[in-house]
Every structure is written in structure tokens, then in C-alpha cells.
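Peer 1: Chains as they are written, first to last, in my numbering: chain A, 1 to 362; chain B, 1001 to 1362.
Here it is: the structure, laid out below.
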């Protein structure tokens, strides 16, 4: 088994300002990669630019990253970053800006390469990347993954290169202004990471430790998700669980629910975490009898009494997937032919079982 | 809170041979740092040199590291490493060779510096260090610490520089030939790391996760320690628990039992792990009532039903400390004046309490 997690993580109140000097000294000129509005609303962008100003590090801001970033936006930002002579990248936001930041850092460093190198198996370096997560689902602040939309394949896929952020600055305060739906969707994405990593053919004692602890931390913060008032520390718990889950999938990857989700996001525009969540009960239900005690243990850690209760929670929070019979068939076909995701399942999964997971979500 | 653990860890059967290429390509010429005999007996040295030969990486062997390595031996090895043009260091063995390897890597890199820089607060780099642990106590394969004997202060102390190994190659098979006493002493050292990290003012959710999981893994492997036949996986569990405990103390440091142990090792020649173990029951006993439930939980995770049972185990396995009243007084005095170790205690510890811990071990 393997453990590799080289990102320097600081998780605390005012993490950006407290470690602003280290962040600012990552390079001489930063390309800040973020979305259009949320990092302005939650204060993360100001925390970053104030710290860069304080330590006299130049920067430019690229705030045009949308949900499910495209290769075109990565190339656009990289072109600007090159032209402006930036030598490190700071990603601020949810999974989309953080993933985009890694791909952009790669394309700035490899200035004469075409976008096709993103998906080629070759050793390429990237500029250093600093991450400031403002949602609680992606784990991208610590993972080496960068998932982009591939119009050529009509799906989403991580680039071939593993780019670990050098510093992750994690602070629960950025969640306070997040819309309820974003909180819910991203928290469920993180839950998907925990469950898909725990029940994974590549799981080791290292990854299980991370996933298990993440489930327990997540389970202590679910009041917010049920519409109750946030308790002291809840936002930080959701952030912490998300980071731990990111560390877990770094070592195992994800599995069937993530694989199925890409279809819903690409073709139906359904937010990533929500698209993952639909399939989690069915995935757990597909486990062989020998794994059932572990399924119950994992769900209890996360605060659910039984698989039925968990399924009820998902149905109540997310509803059902809006697909026709034909579309459902296509989804099943796509994953039944995806050897990489199928190999992540800790047992031989059949096409019939994948079909059942999809039907259970309808 | 912070998490930083950049070492690439491979823990598996034949880890050295399986990752021999990555190890060999760490540099062009290796200085292998080890003790006189154990790494020959357990096969670790041959695993390393076979892999270096296979990938055509030159090496020289420095096998004169003794228990509780001195600054003189570090300088001696560094001189040879410099003269021979080595550009990376491979430490093989228990804590002594691994810690020495880090200090040697620092002194080879800083070729014109005197040994005094080891204990100076300044930013210095070191050659890359690869570690191959052959005991189950130190955690040095992943920690940034390098504890050397300081004759000037009549104690042991970690150097001022944090040197994280680049690769740790962990394989339970090296424990099979270890003498029972080495197994016991080092396993108890690891247990000390878990308990002193868990009950520590610097403990965070990250470090507690590591210490707690380590206690559970350790608790599953204690048959060997009670003289029973090793079960499949027991050696790897002891190794894994030791590595996890190393990751935990990397984030918290150790506390009173380690602080007290240095006196016994320096003045009485008592092996490190044993010297730590004597004080563990007393340290747990000194915890305030509010921490008692956690003390019980931690001991249960490690396989002990109560503090009394744990104290019985330690007394039976280690006996009592061979010190006079005067020496006991000196030990208490030394730690009562050691602010760094005292600050690691998760409550205000008094000199009377330290005295009680020492008396309890007699």
C-alpha cells in the first residue's frame, strides 16, 4: 500500500491571512483562478488579494471559470497567465476553479504545448498551485486530480497528469454564505468520495483510515444539511471531512456513482454532487453480503441508522433522476464499458447490477 | 491545524525491490547508513544493494552507526560521503541509523559547516534521504526528526532542522529476525508515540486520527509481544502502527515520558523504547478527570482493559527503573525545567505530578 500527500495543509480560522506570507512567497506573480461571483461574496478573493498586496506579490485575476470548466477556458486562462508572466497559480472556489487552476498551471509551464497534452501520458511539470476551497465537496484542495469537460467524448474526465497543490488554505467561514443547495450538493459529493473510496478495490488501511474518519466528522455536521441551525464548528467539520475524503480518493479514485454522474452533468446539467448522490444508495445496495456489516458501519459513522434510512434521505433531498428509458440505457452502457470505474468496485460488478443502481435512482 | 507529510510511503511485501528503481534514481551515488549487523541479518541491506546494482546506481556503505548515535559519528560519515561524492543517503535500521542518515544528509549538503549548525535555528537543506525501517518503534522513516546524543548537555535531542525522508520503504519481513527484546522495546516506543501524541496540547483532529488508528492497529498485533506465535500480518501491523505513530508525532511532538527517558538512556544505557515505556502508565494516571474517558478509550483501542492492567503489563515486561533517590530527583528536576516538553502536556503539569510519574515507575 501507498501513502503520498505532499500538500501543506493549513485548516483554521483566517487560514489565508495567517499563512498569507507563505502563500505570497510561492512565486513572484500569481494568476488567481476563480469563478465569477462566489469568491467575491464569501470574502475569499479579498483575503487572498489583501495578503498578496501585504507581501508585495503581483497578481492578475481570471474570474471566468464556470461550473464544469472546459478545455477552452483552461487554454484561455493559460494564455493570459503566460502573457502576464505569472509563475504560480492560486485557485479559489469549488471544484471547478481548483481543478481548472491545476490544468492552467500545467499549460502555463508547458507554453508551447497544445491542449492535447492534458490527456496524454507523459511526464509534465506544472507551476506551483495554491488552493483555497470555498465549498465542502471537491477535496480538490489536496487531490492531484483536475476534472474537465471533454466535448470530444461528451463527458468529464480528469487530466492525465497528477498535480498536487503545494499549499491548501482551508477555512470553514467561506461556507457561511454558500446557498443551501450548494452546501447540500457539495456535502453529498464529499460523502460519495468517502463511500466510493471505502468500498473500493484499491482501498488500503491508509485510505480506509481517512475515509472512516471523514465519515465520522461528516456525521457530526449534518444538522446544517437538515435545515437546522449550524452549530459552532459545523462548517469547519464539513470542510475537514471534505479534505479528508479528498485525501482518501487520492489513493483509491472514485467508482460507479461518480462514473454514472458524469452523464447527468454533461447531458442534463445536473450539479456534480447531486448527480453523484442519486446513485450512492444503489451502489451500497449492490455490495455482496460479506460487505454488508461494513456498509452498516460506514452509514452509522455518517449518522444514518440503516441503508433504507439513507435511501430515504437521498430521495427526500435530491428526488429522482430525470432520464428516459433510452437515456438510462445509455448511462448503463457507458459505465458497463468503463473498465477503469468497474475495476474500482471491490467485487465483480455485472451490467445487471449497474442497471439496478440506475433504476433505483429513478 | 496543520497537516504536512510529504514522504512517499510504500508499505508492502518486498517494498525495497518493488520500488528499487525509484529508490535508485533518487541520485547518482548513495551513502548507505546502517548499523553493524542487524541490516545484514534481516536482509534489508542486501535488498537495497541488489536494487542499486540492478539500476546501476553506485553506493558506499557506512555501517558504524551505534545505538544513540553521536555527533562525531554523523560528522565521520558525512566526511566520507562528501569525499566519495554521494548525492543521496539511504538509512537502514532502527531509529539510530535513520535519524543519523538525516543529520548526515544535512552535513554532506552543507560541506563547509561545523557540527554546531545541527542545533542552530537557520534554514539549511539536506541531500534526499530514503529510509528502510527494520524495527517497529521509531517512526523515523517518516518523521522529520533526527535525535542525536548531545554529550555537551548530557542528553539526547533532535537537531533543529526538519528533514522529511523523500521515500520510506516499509516491509514487515525485517522484523522476523529481530530479537524479542528489540521487538518489545520498539513496539513500546511506538505505543509511547501514540499516547504522547494523542494526549498532547498540540493534538489536532489530524494527529488524533493518526494516533487513534495506530492504537487500533497496534492492539491487533500484540500477540507477538506476549510471547505468542505471530499471526499472519502481525509484523506488518506493528510496522504500520509505528509509521502512523511517526506521522502523529510529526504534528505534535512527544511529551513527558520521552522527556524522562533520555536521562535513563544517557546515564543508564537503557534502550530508548524501554526507557519511555516505564513512564507511560504514570503519565496517563496524571491526566485530569476530564480526560479519563479518553484515556480508557485509548487503552482499550490498544487492547488493554484498564489503566491498572496496562500498568501491570508494563511492570511485567519492563520491570522498574534502576535509579537512586538522588537520580530520581535529578530526572524530575530536568523535566520540571524543560518547558518544551511540559508545554506538550494537555494540562498544567506540576513538579509534584512529574515526581509522581517517576516514583510510579520505580
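Even glycine gets a Cβ: it sits at the ideal position worked out from N, Cα and C.
Just so we're clear, the structure is a prediction, and the values are computed from it rather than from any experiment.
Any Cβ of chain A within less than 8 angstroms of the Cβ of residue 1346 (chain B)?
Peer 2: Within the second chain, numbered from 1, the residue matching residue 1346 (chain B) stands at position 346. No, residue 1346 (chain B) lies away from the interface with chain A (no Cβ there is under 8 angstroms from its Cβ).
Peer 1: Please list, in chain order, the residues of the segment 1224 to 1251 of chain B that have any C-beta partner in chain A closer than 7 angstroms.
Peer 2: 1240
Peer 1: Note down the Cα distance separating residue 1271 (chain B) from residue 1185 (chain B), rounded to an integer number of angstroms.
Peer 2: Taking the second chain and counting its residues from 1, one reaches residue 1271 (chain B) at position 271. Taking the second chain and counting its residues from 1, one reaches residue 1185 (chain B) at position 185. About 7 angstroms.
Peer 1: Tell me the rounded alpha-carbon separation between residue 1010 (chain B) and residue 1169 (chain B).
Peer 2: Numbered from 1 along the second chain, position 10 holds the residue referred to as residue 1010 (chain B). Numbered from 1 along the second chain, position 169 holds the residue referred to as residue 1169 (chain B). C-alpha separation (whole angstroms): 5 angstroms.
Peer 1: Grab me the residues of residue 1318 (chain B)'s own chain with a C-beta within less than 7 angstroms of its C-beta, minus the 5 sequence neighbours each way, in chain order.
Peer 2: Position 318 of the second chain, counted from the start, is the residue given in the question as residue 1318 (chain B). 1274, 1277, 1278, listed in sequence order.
Peer 1: How is residue 163 (chain A) classed by DSSP in three states: helix, strand or coil?
Peer 2: For the purposes of this step, residue 163 (chain A) is taken as the residue at position 163 of the first chain. Residue state, collapsed to three classes: coil.
Peer 1: Identify every residue that forms a DSSP beta bridge with residue 1011 (chain B).
Peer 2: As a working note, residue 1011 (chain B) is residue 11 in the second chain. In DSSP, residue 1011 (chain B) forms a bridge with B:1170.
Peer 1: Select from B:1252, B:1328, B:1247, B:1282 the residue whose C-alpha is nearest the C-alpha of residue 6 (chain A).
Peer 2: In the first chain, residue 6 (chain A) corresponds to position 6, counting from 1. Put simply, of B:1252, B:1328, B:1247, B:1282 the residue whose alpha carbon is nearest the alpha carbon of residue 6 (chain A) is B:1247.
Peer 1: Going by beta carbon distance, what residues of the same chain come within less than 8 angstroms of residue 1307 (chain B), once the five residues before and after it are set aside?
Peer 2: Here residue 1307 (chain B) is taken as the residue at index 307 of the second chain, counted from 1. Same-chain partners within the cutoff: 1281, 1284, 1285, 1295, 1296, 1299.
Peer 1: Just how far apart, CA to CA, sit residue 209 (chain A) and residue 1152 (chain B)?
Peer 2: As a first step, residue 209 (chain A) must be located in the first chain, where it is residue number 209. As a first step, residue 1152 (chain B) must be located in the second chain, where it is residue number 152. Cα-Cα distance, rounded: 42 angstroms.
Peer 1: Just by C-beta distance, which residues in the segment 152 to 183 of chain A are closer than 8 angstroms to chain B?
Peer 2: none
Peer 1: If we ignore side chains and look at the alpha-carbon of each, how far apart do residue 1357 (chain B) and residue 1192 (chain B) end up?
Peer 2: Taking the first residue of the second chain as 1, we reach residue 1357 (chain B) at position 357. Taking the first residue of the second chain as 1, we reach residue 1192 (chain B) at position 192. Rounded to the nearest angstrom, the two C-alpha atoms are 14 angstroms apart.
Peer 1: Which residue comes first and which comes last in the alpha helix (DSSP H) that contains residue 1192 (chain B)?
Peer 2: Start at 1 with the first residue of the second chain, and residue 1192 (chain B) comes out as number 192. Looking at the DSSP string, the run of the alpha helix (DSSP H) that includes residue 1192 (chain B) is 1180 to 1198.
Peer 1: Would you grab the beta carbon distance between residue 1265 (chain B) and residue 1344 (chain B) for me? Rounded to a whole angstrom, and I think it's under 8 angstroms.
Peer 2: Within the second chain, residue 1265 (chain B) is the residue found at index 265, counting from 1. Within the second chain, residue 1344 (chain B) is the residue found at index 344, counting from 1. About 19 angstroms; that fails the 8 angstroms criterion.
Peer 1: Return the CA-CA distance between residue 1328 (chain B) and residue 1320 (chain B), expressed in angstroms with no decimal places.
Peer 2: In the second chain, residue 1328 (chain B) corresponds to position 328, counting from 1. In the second chain, residue 1320 (chain B) corresponds to position 320, counting from 1. One C-alpha to the other measures close to 12 angstroms.
Peer 1: Beta-carbon separation of residue 1131 (chain B) and residue 1042 (chain B) under 8 angstroms?
Peer 2: Indexing the second chain from 1 puts residue 1131 (chain B) at position 131. Indexing the second chain from 1 puts residue 1042 (chain B) at position 42. Cβ distance not < 8 angstroms, so residue 1131 (chain B) and residue 1042 (chain B) don't count as in contact.
Peer 1: What residues from chain A crowd round residue 1008 (chain B), counting only those whose CB sits closer than 9 angstroms?
Peer 2: As a position in the second chain, residue 1008 (chain B) is number 8, starting the count at 1. 2, 3, 4, 6, listed in chain order.
Peer 1: Just the chain B side, please: which residues come within less than 7 angstroms of residue 213 (chain A) by C-beta, in chain order?
Peer 2: Numbered from 1 along the first chain, position 213 holds the residue referred to as residue 213 (chain A). Chain B residues near residue 213 (chain A): 1209.
Peer 1: Starting from residue 325 (chain A), find everything on chain B with Cβ-Cβ shorter than 7 angstroms and list it in chain order.
Peer 2: Residue numbering aside, residue 325 (chain A) sits at position 325 when the first chain is read from its first letter. In chain order: nothing, as chain B lies at least about 45 angstroms away.
Peer 1: Smallest Cα separation from residue 1200 (chain B): which of B:1252, B:1107, B:1239, B:1150?
Peer 2: Within the second chain, residue 1200 (chain B) is the residue found at index 200, counting from 1. The option with the nearest alpha carbon to residue 1200 (chain B) is B:1252.
Peer 1: Which residues in the same chain as residue 108 (chain A) place their Cβ atom closer than 6 angstroms to its Cβ, once the five residues preceding and following it in sequence are excluded?
Peer 2: Position 108 of the first chain holds residue 108 (chain A). Same-chain partners within the cutoff: 78, 81, 82, 127.
Peer 1: Helix, strand or coil: how does DSSP classify residue 293 (chain A) here?
Peer 2: For the purposes of this step, residue 293 (chain A) is taken as the residue at position 293 of the first chain. In the structure shown, residue 293 (chain A) adopts helical secondary structure according to DSSP, grouped into three states.
Peer 1: Measuring alpha carbon to alpha carbon, tell me which of A:346, A:257, A:148, A:243 ends up nearest residue 289 (chain A).
Peer 2: Taking the first chain and counting its residues from 1, the one referred to as residue 289 (chain A) is at position 289. The residue with the shortest Cα to Cα distance from residue 289 (chain A) is A:346.
Peer 1: How should residue 1123 (chain B) be labelled, buried or exposed, when 16 other C-beta atoms within 10 angstroms of its C-beta is the threshold for buried?
Peer 2: Within the second chain, numbered from 1, the residue matching residue 1123 (chain B) stands at position 123. Per the 10 Å Cβ criterion, exposed.
Peer 1: Taking 8 angstroms as the threshold, find out whether the segment 135 to 143 of chain A comes into contact with the segment 51 to 63 of chain A through three or more Cβ pairs.
Peer 2: no
Peer 1: If the cut is a Cβ gap below 9 angstroms, which residues of chain B does residue 285 (chain A) touch?
Peer 2: Here the question's residue 285 (chain A) lines up with position 285 in the first chain. Ordered by position in chain B, no residue passes the 9 angstroms Cβ test against residue 285 (chain A), which lies about 28 angstroms from the chain.
Peer 1: Which class does residue 1029 (chain B) belong to by DSSP, given the choice of helix, strand or coil?
Peer 2: As a working mapping, residue 1029 (chain B) is identified with position 29 in the second chain. Here residue 1029 (chain B) sits in strand by DSSP.
Peer 1: Compare the C-beta of residue 1022 (chain B) against all C-beta atoms of chain A and say whether one is closer than 8 angstroms.
Peer 2: For the purposes of this step, residue 1022 (chain B) is taken as residue 22 along the second chain, with counting starting at 1. It does not: the Cβ of residue 1022 (chain B) has no partner Cβ on chain A nearer than 8 angstroms.
Peer 1: So, under 8 angstroms CB-CB, residue 102 (chain A) and residue 188 (chain A) are touching, yes? Tell me the CB distance rounded to an integer number of Å.
Peer 2: For the purposes of this step, residue 102 (chain A) is taken as residue 102 along the first chain, with counting starting at 1. For the purposes of this step, residue 188 (chain A) is taken as residue 188 along the first chain, with counting starting at 1. Their Cβ separation, rounded to whole angstroms, is 23 angstroms, which puts residue 102 (chain A) and residue 188 (chain A) out of contact at 8 angstroms.
Peer 1: What does DSSP give as the partner residues of residue 156 (chain A) in its beta bridges?
Peer 2: By 1-based counting over the first chain, the position of residue 156 (chain A) is 156. Residue 156 (chain A) pairs with A:149.
Peer 1: Listed from N- to C-terminal order along the chain, which residues in the segment 1028 to 1057 of chain B have their beta-carbon within a distance smaller than 9 angstroms of any beta-carbon of chain A?
Peer 2: Cβ contacts with chain A come from no residue of the segment 1028 to 1057 of chain B.
Peer 1: Should residue 25 (chain A) go down as buried or exposed, given a rule of 16 or more other Cβ atoms within 10 Å for buried?
Peer 2: Here the question's residue 25 (chain A) lines up with position 25 in the first chain. Exposed is the call here.
Peer 1: Whole angstroms are fine: how far does the CA of residue 243 (chain A) sit from the CA of residue 1315 (chain B)?
Peer 2: Taking the first residue of the second chain as 1, we reach residue 1315 (chain B) at position 315. Taking the first residue of the first chain as 1, we reach residue 243 (chain A) at position 243. Taking the straight line joining both Cα atoms gives about 42 angstroms.
Peer 1: Jot down the residue ranges of each uninterrupted alpha helix (DSSP H) in the segment 313 to 348 of chain A, minimum 4 residues, whole runs only, in chain order.
Peer 2: Segments of the alpha helix (DSSP H) lying fully in the segment 313 to 348 of chain A: 325 to 336, 339 to 343.
Peer 1: By Cβ distance below 8 angstroms, which residues in the same chain neighbour residue 1075 (chain B) in space, the five residues on each side in sequence not counted?
Peer 2: Start at 1 with the first residue of the second chain, and residue 1075 (chain B) comes out as number 75. Only 1107, 1115 meet the Cβ criterion.
Peer 1: At 4 residues or longer, and completely inside the segment 1062 to 1087 of chain B: list those alpha helix (DSSP H) runs for me, N to C.
Peer 2: Counting only runs of 4 or more, we get 1071 to 1083.
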